[in-house]
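Peer 1: When we follow the working numbering, the leftmost residue of the sequence shown carries the number 57, and every step to the right adds one. Where is the CB? At the ideal position from N, CA and C, for every residue including glycine. None of these values were measured; they are calculated from a predicted model. Provided herewith is a single structure, encoded as structure tokens, for subsequent inquiry.
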Amino acid sequence: MFLENAYRILNENGILGIVLSNSIVSIDTHIKVREWLMKNMRIVALFDLSSNAFAETGVNTTIIVVYKPRQEILLNLQQNNYQVFVKNIENLGYKVVTKNRNKFFQSIYKINLENFEIIIYENGKAMIDEDFTQTILEFKKWCLGQEQDLQDIFIKEK
């Protein structure tokens with residue numbers, strides 16, 4: 057129901073990014089949801105996150121990114137078996153720590169494997185051990201090989 061409502065409020069070429077339990081994309085009982093999503097929207101990307109991405113859940117999650125093209129464009133994309141960018145985000149840059157029943161996010165830094173010291177940028181800041189920066193670069197490069205509407209929506213300066 058919430059996906060249908062999100063679809064209804066999207067304008068043409070509108071973008072939806074939503075965090076869901078990864079059971080939506082992986083378990084057979086949710087096949088109708090996946091079919092509906094593929095029928096109505098252009099799935100752009102799936103980003104799988106680990107169970108510790110959100111402090112209180114302990115659930116494996118997936119970020120689903122879609123856009124709502126015109127119906128004739130979507131049909132053409134479906135007939136041509138469009139591609140979906142898929143990435144497993146392993147390094148979040150933090151870990152969840154519990155202290156006195158409160159949950160905190162503690163940064164995890166990249167370590168130089170030769171001397172086992174934290175890697176420091178030229179500006180003096182410690183380098184966070186995260187996959188997001190590289191994933192964004194890979195996603196932008198991937199977008200360049202996709203349909204023009206997707207490029208215009210996700211990577212072109214406006």
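1. Would you call the CB atoms of residue 118 and residue 78 closer than 8 Å?
2. Tell me the rounded alpha-carbon separation between residue 61 and residue 83.
3. Could you give the residue range of the beta strand (DSSP E) that holds residue 138?
4. Run through the segment 93-170 for me and flag every whole alpha helix (DSSP H) of 4 or more residues, listed as ranges in chain order.
5. Report the partner residues of residue 73 according to the DSSP bridge assignment.
6. Helix, strand or coil for residue 184? Go by DSSP, reduced to three states.
7. With DSSP collapsed to three states, give me the class of residue 209.
8. Given this structure, state the Cα-to-Cα distance separating residue 26 from residue 137, to the nearest angstrom.
9. Over the uninterrupted alpha helix (DSSP H) stretch that includes residue 63, give me the two end residues.
10. Just tell me which of 87, 200, 106, 67 has its CA closest to the CA of residue 147.
11. Which residues share a DSSP beta bridge with residue 176?
12. Could you tell me the alpha carbon to alpha carbon distance between residue 160 and residue 114, rounded to whole angstroms?
13. Using the beta-carbon count (16 or more within 10 Å), is residue 92 buried or exposed?
14. In whole angstroms, give me the CA-to-CA distance for residue 151 and residue 183.
15. Please work out which residues of its chain come closer than 8 Å, Cβ to Cβ, to residue 89, disregarding the five sequence neighbours upstream and downstream, and give them in chain order.
16. Quick check: what's the CA-CA separation for residue 145 versus residue 116?
17. Taking only three categories from DSSP, how would you classify residue 202?
Peer 2: Walking through what the data contain:
1. What you label residue 118 is simply residue 62 of the sequence shown in a count that begins at 1. What you label residue 78 is simply residue 22 of the sequence shown in a count that begins at 1. For residue 118 and residue 78, yes; Cβs fall inside 8 Å.
2. Position 5 of the sequence shown, counted from the first residue, corresponds to residue 61. Position 27 of the sequence shown, counted from the first residue, corresponds to residue 83. If I take the Cα positions, the gap works out to 22 Å.
3. If you number the sequence shown from 1, residue 138 lands on position 82. Where residue 138 is concerned, there is no enclosing beta strand (DSSP E), given that its DSSP letter is neither H nor E.
4. 127-135
5. Here residue 73 refers to the residue found at position 17 of the sequence shown. DSSP output for residue 73 lists 121 as bridge partner(s).
6. The sequence position of residue 184 within the sequence shown is 128, counting from 1. Three-state result, residue 184: strand.
7. Taking the first residue of the sequence shown as 1, we reach residue 209 at position 153. Residue 209 falls in the helix class under three-state DSSP.
8. As shown, the chain starts at 57 and ends at 214. That puts residue 26 outside it, with no answer to give.
9. On the sequence shown, position 7 is the one that residue 63 refers to. Residue 63 -> alpha helix (DSSP H) spans 58-65.
10. As a working mapping, residue 147 is identified with position 91 in the sequence shown. If we check each option's Cα against that of residue 147, 106 comes out closest.
11. As a working note, residue 176 is residue 120 in the sequence shown. Partner(s): 182.
12. As a position in the sequence shown, residue 160 is number 104, starting the count at 1. As a position in the sequence shown, residue 114 is number 58, starting the count at 1. Their Cα atoms are separated by approximately 14 Å.
13. Translated into the one-based positions of the sequence shown, residue 92 becomes position 36. Residue 92 is exposed by the Cβ-count criterion.
14. Along the sequence shown, one-based indexing puts residue 151 at 95. Along the sequence shown, one-based indexing puts residue 183 at 127. C-alpha separation (whole angstroms): 15 Å.
15. Within the sequence shown, the letter at position 33 stands for residue 89. Result list for residue 89: 59, 80, in chain order.
16. Indexing the sequence shown from 1 puts residue 145 at position 89. Indexing the sequence shown from 1 puts residue 116 at position 60. Their backbone Cα atoms lie some 11 Å apart in a straight line.
17. Sequence index remark: in the sequence shown, residue 202 carries index 146 (1-based). Looking at residue 202 - three-state DSSP - the assignment turns out to be coil, as it is neither helix nor strand.
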